[in-house]
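Asker: In order, the protein sequences belong to chains A and B.
In terms of the numbering used here, the first sequence opens at residue 1 and continues consecutively.
In terms of the numbering used here, the second sequence opens at residue 1 and continues consecutively.
One structure coming up, written as structure tokens, with questions to follow.
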Amino acid sequence: MEFDEIDLYDQLTSSSDSQLQDTTFGVIAMDADHRVVMYNRTESTRSGLSPERVVGRLFFSEVAPCTNNFMVAHRFETESELDATIDYVFTLRMKPTSVRLRLLTRRDAARRFLLVQWT
Amino acid sequence: MDLNEPSGSGSLNNELEELYELLYLLPVGVVAFDSTGSVTRATPMSVQLLSPFVGSAVMGNAFTLLAPLVPDLGALVRADEGGTVVVANHRSRLEVNGTVATVEVSVHRPRPGYYVAVISDVTELVHREHELSHERDRIRLIVEMVREYAIYTIDRAGLIDSWNASGERLFGLKASQAVGRPLDQVVSVERLSDVLDAAIFAGWRRTEGWALSSPGETFYTDTMISTVVDEKGEPEGFIIVTRDTTEMQRREEDLRREADTDPLTKLTNRRGFDSRADRLLKACAVNHVPAAVLMIDIDHFKAVNDTHGHDGGDIVLCAVGAALTSHLRTIDLLARFGGEEFAVLLPGADLAAAAGRAEALRVAIAELVVESSPNMVAGVTISLGAAEHHRALHDTLQRADAALYRAKSNGRNQVVCDRTPPQP
């Protein structure tokens with residue numbers, strides 16, 4: 001499974017959570033309210049936060065307020081169909097790191113995905 | 001379960017996670033960097049606050065990252081001679097594509113080569129501060145710009161404790177001269193402590209009176225004393241508003257004088273005579289001196305009007321008024337009662353004295369020659385009735401009038417005295 005693949009949304013939704021644990025990129029899955037439903041091992045290792053601490057929380061306000069802006073959260077809130085890749089800086093374990101974010105969602109989808117690739 | 005696993009390693013992870021979480025959620029941007037500006041650690045809020053203004057590509061270098069806030073941070077760090085604070089509470093207003101924020105940054109150096117920048121969004125704070133200072137400026141402007149008013153404060157003991165341009169203008173006193181003085185040294189206040197107690201009781205108190213300005217001019221003032229209470233409701237001082245009402249006072253006096261003056265002869269009219277005679281007679285009574293009244297009428301005035309015209313008649317009236325005035329003392333009260341009739345109140349005169357004064361007036365007017373128009377002169381005579389004042393002014397006037405009537409019917413140009421004995 002690759003970060004840039006065109007049909008990545010379908011691949012993600014057709015995989016089980018255990019199959020998504022060791023991807024090369026971080027996977028954060030959210031429900032329609034942007035509550036975290038899955039936080040994969042790759043992302044957890046990078047951020048230093050265990051999935052237990054993150055799952056069930058509102059991602060943009062309670063986990064990563066630094067994404068609560070017009071570039072990330074705002075797009076999830078206003079666009080029902082979304083597949084966008086943007087350059088971003090994450091401070092994972094307080095280390096500023098350049099990343100690429102892929103914002104993925106479909107109309108009436110049960111899951112939305114924020115994918116994180118380290119560059 | 002491996003019992004040899006170091007106890008607490010699980011809790012250590014847990015604590016580390018909690019620390020991460022705290023820093024991820026920290027509502028303040030913190031950036032740690034070395035003396036080359038290379039960022040070692042930063043909280044997400046620092047990215048959140050600064051990325052709209054610097055772009056996300058430059059997070060690696062603190063000098064570039066903080067350039068919108070402290071453009072010369074690199075130079076400051078290089079020049080740092082060991083102080084622990086490199087930048088103290090430096091505020092910048094940032095604006096990009098409609099995003100406006102005021103950001104405050106401080107840069108500390110806890111140990112050589114280790115720098116920590118603390119960045120906070122103070123947009124709201126600055127907005128509130130701005131509103132407050134705006135309000136302060138507006139009030140200061142009002143206080144300083146008002147004309148004819150002085151707005152200042154006194155403490156609980158009545159000593160002036162603040163003074164401004166409005167007070168300087170009204171009183172001609174500098175703050176250094178005014179502060180520390182009791183209120184009753186600037187405006188007239190009777191029993192200052194009583195007035196302040198009353199102001200505390202009612203919330204305010206108004207007082208009027210003369211005040212002395214520094215150049216030595218007196219002016220009339222109207223002063224409002226409003227009580228200021230502290231958070232416990234205890235009086236802690238007073239706001240004073242003093243207004244210069246001299247002009248108003250003068251205008252009122254002018255109006256009163258105008259209402260009491262006969263416009264033709266500029267003598268006092270009947271109304272003015274009544275109010276001033278009252279005061280004069282009271283003064284005579286208090287001092288146990290007599291007073292008398294003369295009623296005067298110009299003889300054959302209708303003939304004067306017929307011969308010399310109404311304008312000529314007016315000239316004669318004025319000339320008679322002026323002649324009478326010049327033969328009276330300043331304490332005597334002369335009034336034109338209307339038409340060609342005059343009245344005089346002579347304080348201190350008994351009937352004999354009044355008769356003598358009346359005769360002198362008669363002679364003076366008989367000798368008077370008035371140029372009624374460029375080619376005409378008029379000579380007039382007057383008849384006079386004199387009466388000594390006993391009890392009521394209207395009674396004295398009536399008796400003098402009756403005597404005047406007798407003088408008229410006896411052939412005019414003469415003085416007749418009222419001999420009616422005082423009624424018990």
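Here a beta-carbon is modelled for each residue, glycine too, at the ideal position from N, C-alpha and C.
All figures in this text were calculated on a predicted structure; none of them were measured in a lab.
#1: What does leucine 49 of chain A reach in chain B if we use C-beta pairs closer than 7 Å?
#2: Looking at the structure shown, is glycine 356 of chain B part of a helix, part of a strand, or coil, going by DSSP?
#3: Please state if the CB of alanine 352 of chain B and the CB of alanine 386 of chain B are separated by a distance shorter than 7 Å.
#4: DSSP three-state label for arginine 250 of chain B, please.
#5: By the three-class DSSP mapping on this structure, what secondary structure does asparagine 4 of chain B have?
#6: What is the rounded straight-line gap between the Cα of glutamate 388 of chain B and the Cα of serine 372 of chain B?
#7: How about threonine 23 of chain A: is its C-beta nearer than 7 Å to some C-beta of chain B?
#8: Compile a chain-ordered list of the residues in the stretch 35-52 of chain B whose CB is closer than 9 Å to at least one CB of chain A.
#9: So which residues on chain A does leucine 73 of chain B lean against when the C-beta distance must stay under 7 Å?
#10: Leucine 92 of chain A to proline 112 of chain B, Cα distance in whole Å?
#11: Find out if the Cβ-Cβ distance for the pair arginine 205 of chain B, alanine 199 of chain B is shorter than 7 Å.
#12: For asparagine 61 of chain B, write down the residues that DSSP places opposite it in a beta bridge.
#13: Tell me whether the stretch 40-48 of chain A and the stretch 14-30 of chain A touch, counting them as touching only if at least three CB pairs, one residue from each stretch, are closer than 8 Å.
#14: DSSP three-state call for alanine 343 of chain B: helix, strand or coil?
#15: Decide yes or no for the touch test of the stretch 328-344 of chain B against the stretch 264-281 of chain B: beta carbon pairs closer than 8 Å, at least 3 of them.
#16: For aspartate 418 of chain B, which residues of its own chain have a beta-carbon under 7 Å away from its beta-carbon, when the five flanking residues on both sides are left out?
#17: Under 7 Å between the Cβ atoms of valine 31 of chain B and alanine 62 of chain B?
#18: Considering only the beta carbon of each residue, do phenylalanine 33 of chain B and tyrosine 149 of chain B sit closer than 7 Å?
#19: Enumerate in chain order the residues of its own chain whose CB-to-CB distance from valine 229 of chain B is below 8 Å, with the five nearest sequence positions on each side excluded.
#20: Helix or strand or just coil, what does DSSP make of glycine 430 of chain B?
#21: Should glycine 29 of chain B and methionine 45 of chain B be called a contact, given that it needs their Cβ atoms to be closer than 7 Å?
#22: Using a C-beta cutoff of 7 Å, does valine 36 of chain A count as contacting chain B?
#23: Just grab the DSSP bridge partners of threonine 13 of chain A for me.
#24: Taking the alpha carbon of isoleucine 119 of chain B as the point to measure from, which residue in B:Asn89, B:Thr99, B:Val96 and B:Thr307 has its own alpha carbon closest?
#25: Is aspartate 299 of chain B near asparagine 410 of chain B, with beta carbons less than 7 Å apart?
#26: What does alanine 64 of chain A reach in chain B if we use C-beta pairs closer than 8 Å?
#27: Determine the direct distance from the alpha carbon of asparagine 69 of chain A to that of proline 6 of chain B, and round the result to whole angstroms.
#28: According to DSSP, simplified to helix, strand and coil, what is asparagine 89 of chain B?
#29: By the three-class DSSP mapping on this structure, what secondary structure does proline 215 of chain B have?
#30: On a CA-only basis, which of B:Val105, B:Asp262 and B:Lys174 is nearest valine 85 of chain B? Give me that one, please.
#31: When DSSP labels each residue in this structure, what does valine 28 of chain B get in the three-state scheme?
#32: Taking CB distances under 7 Å as the criterion, tell me whether methionine 1 of chain A reaches chain B.
#33: Which of helix, strand or coil does DSSP assign to arginine 243 of chain B?
#34: For aspartate 80 of chain B, collect the residues of the same chain with a Cβ closer than 7 Å to its Cβ; drop the 5 residues on either side in sequence, then sort them by chain order.
#35: Does any C-beta atom of chain A lie closer than 7 Å to the C-beta of serine 9 of chain B?
#36: Quick one: is valine 72 of chain A near chain B, going by C-beta distance under 7 Å?
Answerer: So, from the data block:
#1: Near leucine 49 of chain A (Cβ distances below 7 Å), the residues of chain B are Glu17, Tyr20 and Glu21.
#2: helix
#3: Their beta carbons are not under 7 Å apart, which means alanine 386 of chain B does not touch alanine 352 of chain B by this criterion.
#4: helix
#5: Any reading at asparagine 4 of chain B must be qualified, since the residue scores a pLDDT of 45, below 50, and its modelled position is unreliable; the value itself is stated next. Three-state DSSP puts asparagine 4 of chain B in coil, outside helix and strand.
#6: Cα-Cα distance, rounded: 35 Å.
#7: Not one beta carbon of chain B lies nearer than 7 Å to the beta carbon of threonine 23 of chain A.
#8: Val39, Thr40, Arg41, Ala42, Thr43, Pro44, Met45, Ser46, Val47, Gln48, Ser51 and Pro52
#9: Under the 7 Å cutoff, chain A gives no residues; its nearest Cβ is about 17 Å from leucine 73 of chain B.
#10: 26 Å
#11: yes
#12: B:Ser38
#13: yes
#14: Three-state DSSP puts alanine 343 of chain B in a strand.
#15: yes
#16: Gly385, Ala386, Ala387, Arg399, Ala400, Ala402 and Ala403
#17: Their beta carbons are under 7 Å apart, which means valine 31 of chain B touches alanine 62 of chain B by this criterion.
#18: no
#19: Pro235 and Glu236
#20: Chain B is shown from 1 up to 424; residue 430 of chain B falls before or after that span and cannot be answered.
#21: Taking 7 Å as the Cβ cut-off, glycine 29 of chain B and methionine 45 of chain B qualify as a contacting pair.
#22: no
#23: None, per the DSSP bridge assignment.
#24: B:Asn89
#25: no
#26: Tyr24 and Pro44
#27: Here the model assigns proline 6 of chain B a pLDDT of 45, short of 50, so the residue's position is not dependable, and the following value carries that caveat. Rounded to whole angstroms, proline 6 of chain B to asparagine 69 of chain A spans 42 Å at the Cα level.
#28: strand
#29: coil
#30: Relative to valine 85 of chain B, the option among B:Val105, B:Asp262 and B:Lys174 whose CA is nearest is B:Val105.
#31: coil
#32: no
#33: strand
#34: Val86 and Arg109
#35: Because serine 9 of chain B carries a pLDDT of 46, less than 50, the predicted location of this residue cannot be relied on, and the following value inherits that uncertainty. No, no contact with chain A.
#36: No - not a single Cβ of chain B is within 7 Å of the one on valine 72 of chain A.
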